[in-house]
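Protein chains in written order, with the working numbering: chain A, 1 to 270; chain B, 1001 to 1287.
Glycine included, each C-beta is placed from N, C-alpha and C at the ideal position.
One structure is given here, and the rest of the page talks about it.
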Amino acid sequence: MRRTAFYVILALAATTFLYPFLWMVATTFKSPAEVGGLSLLPDQPTLDNYRLMWARAPFGRALVNSLFVAGTITLSVLVFGSAAAYSLARLNFPGRRILNAITIAILLVPAQLTLIPMYTLIVQLGWVDSYAALIAPYAFNATAILILRQFFLQVPRSLMDSARLDGMGELRILFTVFWPLAKAPLAMVGILTFMGAWNEVLWPLLVVRDEQIMTLPQLLTVFSLGGGAGPRQLATKLAAAMVLVVPVVVAYTFLQRYFIESMASTGIKG
Amino acid sequence: MRAEARSGLLLSSPYAAFLLLFALYPIGFSLVLVLLKWDLVTAPSFAGLDNVQHLVGDARFWQAIVNTLVFLAIHLPLQIIVALTLAWALDRPLLFRAFWRATFFLPVVISGAVVTILWSALYATDVGLINGLLARLDLGPVPWLTDPAIAMPAIAVMATWKNVGFYVIIYLAGLQNVPRSCHEAIELEGATAWQSFRHVTLPLLKPQTLLVVTLSTINGFQLFIEPYILTGGGPLRRTLSVVLYMYRNAFSYQKMGYAATLGLALALLIAVVLVVQRRVIGSAEEA
């Protein structure tokens, strides 16, 4: 009896989370006459909303931009970030303690404080409407460096020593000895970084005005503010949103355990 | 040894350069900007404390603060109650446990821009899903986003829907640390399930609750894309958020000095609110 109650609660909640998404998918295939309806199966499915959305704004280009920007940021955070984390964890050099201290200190600085100075910096560098403006400020990430550094500190000293005796350089030690051991933290940092970059919208809204450079969330936002509120426009906006959602939902379906563990671990350890 | 120092400097120098340019310089320059009047086109001029003075008397800024407090007053309790309920329901052997968990977490991984556009469709007065459901019950239509009294609560509900899955996972991790023996002991004394939850589980979950309150409060002060897409800050500025106002000062009005002042005020405000919350929640148990 009590068991049934749990399932009722869970099913109600699941419906609240899933039904809007399914309704959104259905609506993108509906004709304007059907858009207000509650049904999840369009009577006369149409691709008009997708054709309209694709014709009215460069969503294909934005998809490529998003993949390029989020991909480059993730790669940089993993490769250059783990090089920095490795040196901060395992190498003795002047300035190491200061770098470690700054890394921890800037985690306490709220993003709102630096948003406007960062914007004026980008303007002064002449980077408005460039990929550099979208990528460079995210090329490193203090949280990622702390996670990787913490892991690298636990790798046994003897592994490093024997690699050095074999004549390996530090970069080779990092990528051939440390990386294979660090798959879990690397995957976690990779997912967090990619998702953050893929979903970011405030920063692009500040530094990009050229449609050709816009990433998906920004183009989607600009596009949705441009249209009216009629049924046709609503369905078109939702069709545009699908371009952003589908890759994430596909990745999430296959990797949901890693998504949940990575994203929640930032909170659980706190 | 010298080789190691050289490699260390080499491997960390890109990061050091990054910190200098994109962390330390902006932090320092934020304090300079507060004293400037600058439109990014003409040369900046020294403005003394004009920006701070303007902020103190700026009705829009205070309206944005009040709006944020309205948001938090609805969002925080709702978030805690829903997250606790779902975590509590999940904290036992169940069929499809991974499915439930993944479903609740789904909106967390979806971009805020998408969630907001989806909810603009759910909240739409004429063709929206929610008013469609209400019409089945012969209710409504409710002007969710155009009634000044309803718009911010509507955004608070949306934000709860978007984020609650994250907090379910946090509470779930906390619940799994509550020893069964605690419940058994108190239930032997004749306590009901509710009493056992209220007096054993809830106090033990205080660290998680503090985390939920902290992160949700930070989120609340960072509202941007939600009012930007849904309402533009209206109706009657009742959904204007501090970050949206800051964005407009920088992007639309070209007032860099004032925008930076808003950023500094917001950062200080968040710090103060978090300290107060920590005190209040910290002392709740002793009372």
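In the assembly as shown, A:P217 is a buried residue. Its beta-carbon has 16 or more other beta-carbons within 10 Å. The three-state reading of DSSP puts B:K1162 in helix, counting H, G and I together. Around the beta carbon of A:K183, fewer than 16 other beta carbons lie within 10 angstroms, which makes this residue exposed.
With a beta-carbon spacing of about 17 Å, A:L125 and B:I1027 fall beyond the 8 Å limit used to define contacts. A direct Cα-to-Cα measurement between B:R1097 and A:S82 gives close to 35 Å. For A:F194, the nearest beta carbon of chain B is not closer than 8 Å to its own beta carbon. Here DSSP, grouped into helix, strand and coil, assigns B:F1224 to coil.
By the C-beta density criterion, B:Y1123 is buried, having at least 16 other C-beta atoms within 10 angstroms.
Around the beta carbon of A:P185, 16 or more other beta carbons sit within 10 angstroms, so the residue counts as buried.
Under the 8 Å Cβ criterion, the stretch 187 to 194 of chain A counts as touching the stretch 249 to 260 of chain A, having at least three qualifying pairs.
Listed along chain A, the residues sitting closer than 9 Å to B:L1266 by beta-carbon distance are P110, Q112, L113. CA-to-CA, the gap between A:R172 and A:I102 works out to about 27 Å. By a beta-carbon distance limit of 8 Å, A:A11 does not contact B:I1169. Their separation comes to about 19 Å. Listed along the chain, the chain A residues whose CB falls inside 7 Å of the CB of B:F1104 are A13, F17.
For B:D1050, the uninterrupted alpha helix (DSSP H) run begins and ends at 1050 to 1056, by DSSP.
Chain order gives no chain B residues near A:W203, where near means a beta carbon separation below 7 Å; the closest approach is about 11 Å. Contact annotation: in the stretch 165 to 180 of chain A, residues whose CB is within less than 7 Å of a CB in chain B are E170. No beta strand (DSSP E) of 3 residues or more sits fully in the stretch 77 to 162 of chain A.
Distance from the CA atom of A:P58 to the CA atom of A:Q212, rounded to whole angstroms, is 7 Å.
In the same chain as B:V1213, and ignoring 5 residues on each side of it, the C-beta atoms closer than 8 Å to its own belong to L1076, I1080, Q1277, I1281, in chain order.
As a beta-bridge residue in DSSP terms, B:S1045 pairs with B:K1037. For B:V1109, the enclosing alpha helix (DSSP H) starts and ends at 1097 to 1109. At a cut-off of 8 Å, the C-beta of A:G36 has a neighbouring C-beta in chain B. Just measuring C-alpha positions, the residue of B:H1054, B:L1040, B:Q1063, B:L1036 sitting nearest B:L1240 is B:Q1063. Residue burial annotation: B:L1145 is buried, with at least 16 other C-beta atoms found within 10 angstroms of its C-beta. Residue contact with chain B for A:K237: present (Cβ-Cβ distance below 8 Å to some residue of chain B). Counting of Cβ neighbours within 10 angstroms places A:P204 among the buried residues, the total reaching 16 or more. Ranked by Cα distance from A:G196, the options A:P94, A:G36, A:F140 are led by A:F140. Here the alpha carbons of A:L174 and B:I1225 stand approximately 40 Å from one another. Residue B:Y1245 holds the alpha-carbon nearest to the alpha-carbon of B:G1232 among B:F1221, B:A1185, B:G1220, B:Y1245. Contact of A:Q256 with chain B is assigned, a C-beta pair being separated by under 8 Å. Buried is the label assigned to B:R1238, since at least 16 other Cβ atoms lie within 10 Å of its Cβ. Below the 7 Å Cβ cutoff, chain A contributes I116, T120 as neighbours of B:M1256, in chain order.
With 16 or more other Cβ atoms from the protein chains shown falling within 10 Å of its own Cβ, A:P117 counts as buried.
Taking C-beta separations shorter than 6 Å and ignoring five residues to either side along the sequence, the partners of A:M24 in its chain run L238, following chain order.
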